[in-house]
Amino acid sequence: MYKIAVMPGDGTGPEVVREGLKVLEAIASLKRFKYETVMYDFGGERYKKTGEVLPDSAVDELRKADVIYLGAIGHPDVAPGILEKGLLLRLRFELEQYINLRPVKLFPGVECPLRNKTTDDIDFVVVRENNEGLYLGTGGFAKKGTADEIAIQTSINTRKGVERCVRYAFECTRKRNKKKMLTLVAKTNVLTFASDLWWRTFNEVAEEYPDIKPDYAHVDATCMWMVKNPEFFDVLVTDNMFGDIITDLGAIIQGGLGIAAGGNINPTGVSMFEPIGGSAPKYTGKNVINPLAAICAVGMLLEEIGETKAANSVEEAVKSVTTNKLKSLAVGKMGYSTTEVGDLVVEALK
Ligand code: IPM
Ligand code: MN
């Protein structure tokens, strides 16, 4: 019996999570596993009513879940940073979800903005460090509001944090068993401290994985290649900020935020799965948003808890829907409503 904590969150989050849970229920009965869900209403609305973003007691409760399923965070009436830092980043940090795993995979039938690229060309995984770097929030102002103002935001990179991330990426490359190539994405020519630590750690750990080809690319060049020859990549490992940026690029080449899912993973603790996209306030309540990213997040969640067959079925069902049904992945252009897309995936499950 799995215990799944569900946080639908803001905007269209609840709409897509509803479809994800619909698919979860269907696959659980097909594959005969049991779970219970515990719902949490954290997000912008609750914050506006109570001033509370995430009580400490909730973090302790979440620690006892097997896994967390998250919709979206971000509210137009709440200043940027409050919910993101107070909820999403806080959970990533406190639950030590030090990996952000973001597969970039073009499914059949999905329109790709890159000319002449097929499902064979776009199939790689980004392992984004998820607990350090610029995201730690270290820094400050001096002389704030004056003409001489200084703003400092420090990128924190620890040997321990980098090593566990790099190690996870090597394991992931081995398990994936495709090209068996791991590309370190950094900026060694400019970030001569931070990227140097990544570079040294990467090369040391690489010695333990003779079956994996270690590769390196600067982050700017990586952006270019992701567009020009994405087929080159197998697994990429990078820091938090670079990972954030290149996975939005990854999302768009796989068909957009309607399909891109990710996992905040603590390999020995509680992980959290989510669609990569935001709360899309302007589409809220219209039943037009694409739920496939949230459904793919359920697939990733199932893989993480060990229900591999169920995870594969969800992915196959999504593929069959993108191949045979959807006109487009774009909001309002799918040819179906949010709820209908969820139903189509359920029908396609085997
Ligand atoms: C993401 C998002 C978050 C991030 C924001 C909402 C804090 O962009 O999950 O990629 O920057 O990590
Ligand atoms: Mn992002």
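Residue 349 is where the sequence shown ends in numbering that gives the first Met the number 0, and the numbering goes up by one at each step.
Note that CB positions come from ideal geometry on N, CA and C, so glycine has one too.
Fill in: Around the ligand IPM, Cβ to any heavy atom closer than 5 Å, ordered along the chain
Glu83, Asp243
Discussion item. If you follow the alpha helix (DSSP H) that Asp59 is in, where does it begin and where does it stop?
Written reply: 55-62
Item to complete: Would you identify the three-state DSSP class for Gly132, choosing helix, strand or coil?
Response: strand
Discussion item. With distance defined between alpha-carbon atoms, name the residue in Glu315, Pro280, Met271 nearest to Leu291.
Written reply: Glu315
Worksheet item: Do you know offhand how far Ser154's Cα is from Glu131's?
Response: 7 Å
Discussion item. With a threshold of 6 Å on Cβ separation, who are the neighbours of Thr118 within its own chain once the five nearest residues in sequence on each side are excluded?
Written reply: Leu105, Pro107
Practice prompt. Report the three-state DSSP secondary structure of Ile258 (helix, strand or coil).
Written response: coil
Fill in: Residues of its chain near Lys324, where Cβ-Cβ distance is below 6 Å and the 5 sequence neighbours each way are ignored
Leu343
Worksheet entry | Closest residue to Cys222 among Thr182, Thr307, Ser278 (Cα-Cα distance) | Thr182
Worksheet entry | Close Cβ partners of Leu301 (< 6 Å) along its chain, the five nearest in sequence each way excluded | Ala309, Ala310
Discussion item. Extract the residue ranges of the beta strand (DSSP E) inside the stretch 155-212, only unbroken runs of 3 or more that lie entirely within it.
Written reply: 180-185
Worksheet item: For Lys427, which beta-bridge partners are listed by DSSP?
Response: Examination of residue 427 is not possible in this model, given that the chain is present from 0 through 349 alone.
Item to complete: Using only the heavy atoms of the ligand MN, determine whether one of them is closer than 7 Å to the beta carbon of Asp247.
Response: yes
Worksheet entry | First through last residue of the alpha helix (DSSP H) which encompasses Gly12 | 12-30
Fill in: Outcome for Asn263 when other beta-carbon atoms lying within 10 angstroms are tallied against a minimum of 16
buried
Fill in: Given 8 Å, three or more beta-carbon pairs between the stretch 80-100 and the stretch 212-221
no
Worksheet entry | Glu273: first and last residue of the uninterrupted beta strand (DSSP E) it sits in | 270-274
Worksheet item: Which term fits Gly12, buried or exposed, when burial requires 16 or more other beta carbons within 10 angstroms of its beta carbon?
Response: buried
Discussion item. With a threshold of 8 Å, are at least 3 pairs of Cβ atoms found where one atom belongs to the stretch 238-255 and the other to the stretch 109-129?
Written reply: yes
Worksheet item: Buried or exposed: Thr321, going by 16 or more other Cβ atoms within 10 Å of its Cβ?
Response: buried
Worksheet item: Counting along the chain, where does the alpha helix (DSSP H) carrying Ala329 start and finish?
Response: Careful: Ala329 lies outside any alpha helix (DSSP H) and carries neither H nor E.
Worksheet item: Any idea if Thr172 is buried or exposed, counting beta-carbon neighbours within 10 angstroms, 16 or more meaning buried?
Response: buried
Worksheet entry | Endpoints, the alpha helix (DSSP H) within which Ala4 is located | Per DSSP, Ala4 belongs to no alpha helix (DSSP H); it is in the beta strand (DSSP E), 1-8.
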